[in-house]
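Trainee:
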Amino acid sequence: MKKHLFKLFIALTVFYSCSSEDSASSEKGEISSNFTIMTNINDPLLAIYEEGDLKTYYYGNRDNNGIPLKINLVEITRPNDTTLIEINDVGRPDKIFAQNGVKISLDWLSDESASVVMISPNGEQQMNFIVDPNNISSKSSTKKTLKSNRKHRKIIQSTNSEIVTKVSSSISANKNTNNSNVKINISSCFEPANVQRVDLIVKSDVTGFLKGRFPAVNGTNNGEYYSTIPTSIADEVHVKEDICVPLAKAFNLTCDVATKTVFLDAFCTSMSAAIATSGIATIAAAPFFAACEGAVTELRILCIFNKGAVGGPTLASTLCNSQEFNRTFTESLKIHAVASGSYLNANGGTTFISATKTVEGKGPYPNLQIDLGSETSMSSLKVSPSVPNNEQDYTVSLDLFCVYQNTKVEFKVVGTDEYSDSAVWLSSTPSLLPVKNERFSFTVPGAESGVRDNITFKITLPNGTTKIKKASLVFG
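If you want our numbering, it's the position in the sequence shown, counting the first as 1, plus 56.
1. Using only the alpha-carbon positions, how far apart do residue 490 and residue 243 sit?
2. For a quick check, are the C-beta atoms of residue 289 and residue 268 less than 9 Å apart?
3. Sorted by chain position, which residues of the same chain lie with C-beta nearer than 6 Å to residue 191's C-beta, five sequence neighbours on each side aside?
4. In terms of alpha-carbon separation, which member of 93, 112, 169 and 94 lies closest to residue 354?
5. Would you call the segment 316-326 and the segment 126-143 in contact, with 3 or more CB pairs under 8 Å?
6. I'd like to know whether the C-beta atoms of residue 514 and residue 522 end up nearer to each other than 9 Å.
7. In whole angstroms, what separates the C-alpha of residue 451 from that of residue 501?
8. If you reduce the DSSP assignment to three classes, tell me which class residue 432 lands in.
9. For residue 483, is the classification buried or exposed, using 16 other Cβ atoms within 10 angstroms of its Cβ as the cut-off for buried?
10. Should residue 504 be labelled buried (16 or more other beta-carbon atoms within 10 Å of its own) or exposed?
11. Check for me: the beta strand (DSSP E) holding residue 123 runs from which residue to which?
12. Beta-carbon within less than 7 Å of residue 455's beta-carbon, same chain only, minus the 5 sequence neighbours each way: which residues are those?
13. Would you say residue 171 faces chain D, with C-beta separation under 9 Å as the test?
14. In this structure, how does DSSP classify residue 118 when only helix, strand and coil are distinguished?
15. What separation, rounded to the nearest whole angstrom, lies between the Cα atoms of residue 304 and residue 360?
16. Taking DSSP's pairing of strands, which residues face residue 248 in a bridge?
17. What number of angstroms, rounded off, separates the C-alpha of residue 155 from the C-alpha of residue 139?
18. On the DSSP bridge list, what partners appear for residue 407?
19. So, residue 377 versus residue 259, is the Cβ gap smaller than 9 Å?
20. Please state whether DSSP places residue 458 in a helix, a strand or coil.
21. Could you give the DSSP three-state label for residue 531: helix, strand or coil?
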């Protein structure tokens with residue numbers, strides 16, 4: 057059976073020690089941050105990192121089982137500021153779209169060097185330069201660097217510290233693996249009722265995929281049916297193996313080659329050198345400096361999941377090995393029952409469905425109820441024989457279902473030979489509960505060939521509502 061991950065939101069609050077002098081954190085230097093992992097099989101959003109006003113969204117591809125494979129887009133947002141970073145197939149930043157409209161393209165020459173193209177917001181200015189930490193132009197050291205209007209943003213430097221995790225999920229841990237029975241009660245006109253077939257339908261709560269159809273068997277009492285759900289039917293997700301470790305690998309693919317410190321340190325220096333030799337006016341160059349500073353800042357944040365203290369474990373390693381992640385979650389299921397047969401009530405209904413309930417994957421499961429109906433209804437008219445011969449009498453019958461006290465039944469027949477007759481019946485059941493089934497039959501005398509009889513049944517319910525059935529026949 058193919059395994060599908062299901063919808064599970066895990067929010068982890070991680071406290072880092074920050075060495076930045078302008079940190080807005082507490083006196084102890086702690087910045088409250090959290091990492092949210094998304095496991096919906098159809099969701100391209102893999103994870104969200106939040107720290108204050110900073111939010112980083114990681115989008116990517118999953119396999120058919122919902123396992124994260126790679127990251128292809130990172131969106132970093134702050135108030136009035138959004139930066140998009142596209143990641144290529146080998147995990148390197150490919151394009152960067154800055155908030156001020158500058159577009160940055162990177163053509164990687166090696167793991168630490170790239171050919172960079174920066175295009176101004178209006179498209180009129182373009183900068184081409186090489187970022188190579190091993191070959192930085194000396195001109196950059198003599199060029200005055202323009203100040204950026206972009207607000208200085210602190211970078212988190214993590215150290216080994218205690219992790220406080222909080223898990224928020226609609227999925228409960230398995231509490232009962234032995235109870236796999238579902239009781240299905242069937243009633244008709246306020247009484248227990250037996251039917252030809254009852255099935256229990258089980259679907260995934262998230263994907264809606266059919267997990268199984270299980271027939272029910274009769275219990276000892278009328279209207280009682282029981283079905284059994286295998287305890288293995290609900291998919292399980294082992295948080296560490298199925299979610300955290302694959303996600304860490306996806307980050308490794310991106311971060312091992314994308315954000316080398318030496319490359320980032322050389323990025324804006326190389327751009328400054330290129331601007332110094334290009335002759336671009338100060339005003340025209342300002343957007344490039346702002347975009348460069350912002351791009352480097354965001355690229356450093358890009359791989360927070362794979363960062364850690366010098367000589368210590370990464371955040372990914374710490375989270376994946378945490379006690380909170382050493383857990384297994386079982387998907388929720390949706391169950392409902394279906395009663396079917398050739399004829400279940402006077403309306404001619406053949407299929408009735410219970411309400412759908414969402415349950416824990418391994419139970420215990422609630423009882424289900426199917427009501428075949430408790431309203432007065434009429435079957436189709438039955439005429440025997442359907443085409444009477446010359447002068448042959450015939451019988452008209454009508455079945456009423458769930459007949460309440462003071463229900464009025466009127467029968468009338470009118471022939472084209474000027475014959476007519478009628479009958480009236482009034483329910484006088486002493487009980488307030490209805491009579492489940494009533495059959496009314498009338499025998500009509502025969503007529504000559506070619507005569508047509510028009511037949512009408514009319515019932516008037518206690519609340520004044522009327523229902524009518526009509527038929528006609530021609531003597532052969």
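Every residue gets a Cβ at the ideal spot worked out from N, C-alpha and C, and that includes glycine. Quick caveat: nothing in here was measured; it's all calculated off a predicted structure.
Mentor: Let me lay it out:
1. 13 Å
2. yes
3. If we look at residue 191 and ignore the five residues flanking it on each side, it has no Cβ neighbours.
4. 112
5. Between the segment 316-326 and the segment 126-143 there are fewer than three C-beta pairs closer than 8 Å, too few to call the two in contact.
6. It is a contact, given that the beta carbons lie within the stated cut-off.
7. In this model, residue 451 and residue 501 are separated by some 9 Å (Cα to Cα).
8. Residue 432 falls in the coil class under three-state DSSP.
9. buried
10. exposed
11. Segment: none, residue 123 is in no beta strand (DSSP E) and carries neither H nor E.
12. 402, 435, 493 and 495
13. Any reference to chain D falls outside this structure, which holds one protein chain only.
14. strand
15. 11 Å
16. 243, per the DSSP bridge assignment.
17. 6 Å
18. 396
19. no
20. Secondary structure at residue 458: strand, using DSSP grouped into helix, strand and coil.
21. Coil at residue 531, not helix or strand.
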